[in-house]
Structure formats: structure tokens, C-alpha cells
């Protein structure tokens, strides 16, 4: 017997749902009391139980949305009691931590104690002497030539840097302040100040954009990744001294670069106009290279054994980049490259990005067709939520590698729909996605390191493994339940069914317990946007 609840807290203006999982116990009422005085503030009938197939649990809804005063409360079902928190900004500290995780992923710099606390560490991977791999060699930069490409974020649990995953991550974070510009001055999370006096979010993202900018080859094409030949062992970054390479230019990387740099140019224009203009020029050159090299798909060289992020279909990348460049430049040449047939209703993940173009078209250009497309996506997510007693939009087949990133991205789409339509129910729908990630799941845990109840401790993350500190670095959303279990050969058997139990908090579980910038990025959007949109 237990209560599934949001272990971080509930917003005063949000619907507040918890769930009684009593198996053989079917109580008729629940009670909410003030924690300090034990005063009863709410008593309601419990509805009949419903079977949540994703959890394989019979659940009864405890809806205490009437409570609109901040404070600590006790939710009581029969003899079972659970402390809950209601606040005006219940997720703000979590939102700061999730965004700060990108600072902890910085390459090429020392993390100092006043910013990193006990997770301070020496600088690793300066990346000022990076070799041209044979796959990237050309006359002007032959194999073995040296370039400099410092900064950037480590991609995931490893120490490599990938343009594809960086591009989508940068875009989702910058979308927070492009869609809700008032947040730029509100977001603060204790990172080293920038000499340009940029807002914290823009300081952090610029660290990665500076690296991306250096990944463009002289002809405008963009190197697919900066990498070791193989993954480093579980050790601290400053002890990793293997040679680093830039690997072949690819159509996908060039289009990701073009799209994200074009968006960045818009966002940074009012702060650093000269840099923004330079980035926009780079974006245009990358787009032109991709048009001239439409079939330059990434093929993993035989001597490289790190993440491929390969994609042989780039119509969606072209659609996304064309929209971003048209919005940023106003040039008809980009409008003519927007092919409507390339737009799909797939969630924006690194392998399918056409909807990112539609989001920018809807939110920045106010394009009616794009707005209708995003609303249709949100309506489909809402329909999926209605099939679930806990109002979760996930389907069984969605519990794959990075399922928690999918949950967060679904929430992001719902919040964008709320902004397009001014329909506040979409905000409440997004809260249900957040509830799952923070405790409304059969594992009864938060999936964010360092926050909430029973958070992940043994991340598949080289810094957290190598730093000899018991607690993992906080703020990382782990990949989450994954029915494909690509790591099963390395672990004792763990459940596959129901899909939400297909998770294990072990270092070796790269399939469920790794972290990645592309999972944290939509979580950044979900947390900051939902709290801002609930403040009315």
C-alpha cells in the first residue's frame, strides 16, 4: 500500500493529483490536514479504482486541487499518511539544478568550489589540439592536421561532443527565453559570470555555441563530432589524455548547425549583435554546404567506437533549418526550401526534428498552419493522456532509450500549445508529465539526481563515477525505463513488463541510468515554462 505523488511538490495554481495504490485495500475517503496543526482542510470521497496498464496497478485518484494555500500538508488514506508540499514556486530550485547540470558538463575549464561546491574539479579536455581524422581529411586540412575546438558540453555519460545532439539541446534551452523572454532576467543558477554580462541561461548556452562555432570547416561544412577513438573509462576528465579527433563532415550535422545557430543569432542579437551576426553567417554557409552535399550521411569509421548519431534521411533537418534561417534572415531563398511534405507529427527527438521548424514557425513567425500542426500534436498527446488513469501521454512503445526525455518533450509540446491557444488546460496536462518524472510512477521515485524521493544515485556518468563523492552530481534527468534493455548482458535480470519498471539504478545500466544533454534540455523547458505559465 502506498501513495504515488509528486515528491518535489505541487504548485498552488496547478491541479493536484496523487494516487492511492492499495491493492486489496479500497478506502472510501481521503483527508488532507495541515502538517503543523493537524487541522483537517479537506475530506473527499475516493472514486472507484482504475487499472493503470503502464504500471500494472489499480489506482484511486486523490484530487486535492481545491487547496490553493502554500504550506505542508498530510495526505491521509485510511491509516496511511504522506507529507506533501504546496508552494508558489515548488519547482524553482529543481529547475535551477536541472539547468546547472549543463555547467557540470562543461569541457575545457576548471569547475571552481564557489560554483561547483564539492563537485569542483580540474579542467579536462582542453581540445585546443584536435586532430583531423582521415574521414575528415581534405587538401586544406589533411589527416593529422591540428585545429582548436575548445569548450562545449560533454554529451552524456561520456566525454565526447556531438553536433547533432548539441544542436537539438541548444535549441530546446534557448526556446525557453525565445518563447518567454521575461524569463531571461529571472533565471539565475550560480555559474561563473560572463564578461559580456549576459543572463545566466545565455552564458551557459554560449559555452556550447562557442564550441559549435569552431566545428565548421573552411568550406562551410560541419564536422559531425569531436571524439576519442573509443570511450574513456570511468575516470575524471582531467586524467583522460587520449588523442581527440574531428570526424567527417555530414549533411545532418551541417543542417543541425545551421538551424541552431540561426535560432541562437535571433536570441543573442540584442545582447551581442556582432557575435550573433557572425553565427548567422556561419549558419548560412552550413546550409549552403548541405545543399551542395545532400547525401553526405555519417558513416562511422572503423576505428571510431563512440556514439554515431547517424541519420540517412535529412528532409526533416532541411525543413527545420530552412524555417530557422527564413525567420532569422527574411530571405526568400530559405522560404523556398521549406517543403511542407517533410513535416511530420513526430515528437522532436534528435532523429526527427521537423516539428522544431514548425514550433519556431508557430511561436516566432505566428504561422497559422504551423500553429494548427502543433495543436494537433498536443491534442493527440491529450487523447493519449485520457487513456491513462494517471494522465500520462506515454504509450508502451515509448519506453525506449531515453524515455524520460520523451516524457519531458511531450510536456514541452503541451506547454507550447498552451501559449499558442491560450488554453490553460494544456498547462495542467503538462503538469501530469512532470508528476510522473518526480514520483507518480510505480518505482515511487524522482528520476532527477539529487532531488525528490529516492533519486538516482549510481548514474552511468563518468564524472559521478570517478570523483569519489558518494552523491552524484545533482540535476541530471536519467534516461529512465527502457524495455529494449540494451545493457541486459551486463546486469542481473530486471523487469521488462510493465514497461515503467524496466529500470535499474546501477552504474552499468547505460540503457536506463545514463544522463544526456538532450534529455535534460526539454526538462529545462518543462520546468521553467510550466512554473511561469502557472503564475497568474
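Residue numbers (the numbering used here): 2 to 537. Quick reminder that beta carbons are idealized off the backbone N, C-alpha and C, glycines included.
- Among the bridge pairs identified by DSSP, residue 59 is matched with 52.
- Residue 276 sits in a helix when the DSSP states are folded into three classes.
- Considering only 442, 73, 179, 258, the residue with the shortest C-alpha distance to residue 420 is 179.
- Between the alpha carbons of residue 387 and residue 503 lies a gap of roughly 23 Å.
- For residue 472, same chain residues with a beta-carbon under 7 Å away, outside a window of 5 residues either side, are 451 in chain order.
- Taking 7 Å as the cut-off, the beta carbon of residue 10 is found closer than this to the beta carbon of residue 91.
- Residue 72: member of the beta strand (DSSP E) spanning 72-78, first to last residue.
- At the C-beta level, residue 65 and residue 47 stay beyond 7 Å of one another.
- Every unbroken stretch of the alpha helix (DSSP H) spanning 4 or more residues and falling wholly within the stretch 201-225 is given here in chain order: 201-214.
- Judged by DSSP in its simplified three-state form, residue 169 adopts helix.
- A contact is defined here as three or more CB-CB pairs under 8 Å, and the stretch 524-535 meets this definition with respect to the stretch 402-420.
- A contact is defined here as three or more CB-CB pairs under 8 Å, and the stretch 383-402 fails this definition with respect to the stretch 335-345.
- Around the C-beta of residue 2, fewer than 16 other C-beta atoms lie within 10 Å, and the residue is accordingly described as exposed.
- With a cutoff of 7 Å on beta-carbon distance, residue 259 and residue 322 are scored as near each other.
- DSSP, read as helix, strand or coil, puts residue 348 in coil.
- Within its own chain, the residues whose Cβ lies closer than 8 Å to the Cβ of residue 131, once the five positions on either side in sequence are excluded, are 147, 148, 149, 150, 227, 245, 246, 247, listed in chain order.
- The way I'd put it, the stretch 11-31 does touch the stretch 49-60; three or more beta-carbon pairs between them come closer than 8 Å.
- The criterion of a C-beta distance shorter than 7 Å is satisfied by residue 174 and residue 206.
- Per the C-alpha coordinates, the member of 216, 441, 8, 257 positioned closest to residue 153 is 216.
- One thing to note: residue 116 has its Cβ within 7 Å of the Cβ of residue 191.
- Taken in chain order, the unbroken stretches of alpha helix (DSSP H) that lie wholly in the stretch 97-180 and span 4 residues or more are 114-117, 164-180.
- Under the DSSP assignment, residue 232 falls outside any alpha helix (DSSP H); it carries neither an H nor an E label.
- Listed in chain order, the beta strand (DSSP E) elements of length 3 or more contained wholly in the stretch 303-363 amount to none.
- Secondary structure at residue 3: strand, using DSSP grouped into helix, strand and coil.
- Assignment of residue 398 by DSSP, reduced to helix, strand and coil, places it in the helix class.
- Listed as beta-bridge partners of residue 246 by DSSP are 132, 228.
- Around the Cβ of residue 78, a 10 Å sphere holds 16 or more other Cβ atoms; the residue is buried.
- Looking only at 194, 57, 362, the smallest Cα-Cα distance to residue 264 is reached by 362.
- A distance below 7 Å between beta-carbons, with the five flanking residues on each side excluded, links residue 497 to the following residues of its chain, in chain order: 484, 486, 503.
- By the C-beta density criterion, residue 252 is buried, having at least 16 other C-beta atoms within 10 angstroms.
- By the criterion of at least three beta-carbon pairs nearer than 8 Å, the stretch 125-142 is in contact with the stretch 301-311.
- Taking C-beta atoms as the reference points, residue 16 and residue 434 fail to come closer than 7 Å.
- The beta carbons of residue 169 and residue 267 sit about 17 Å from each other, so the pair does not count as a contact at 8 Å.
- For residue 418, the enclosing alpha helix (DSSP H) covers residues 404-422.
- With 16 or more other Cβ atoms inside 10 Å of its own Cβ, residue 456 counts as buried.
- For residue 535, the enclosing alpha helix (DSSP H) covers residues 518-535.
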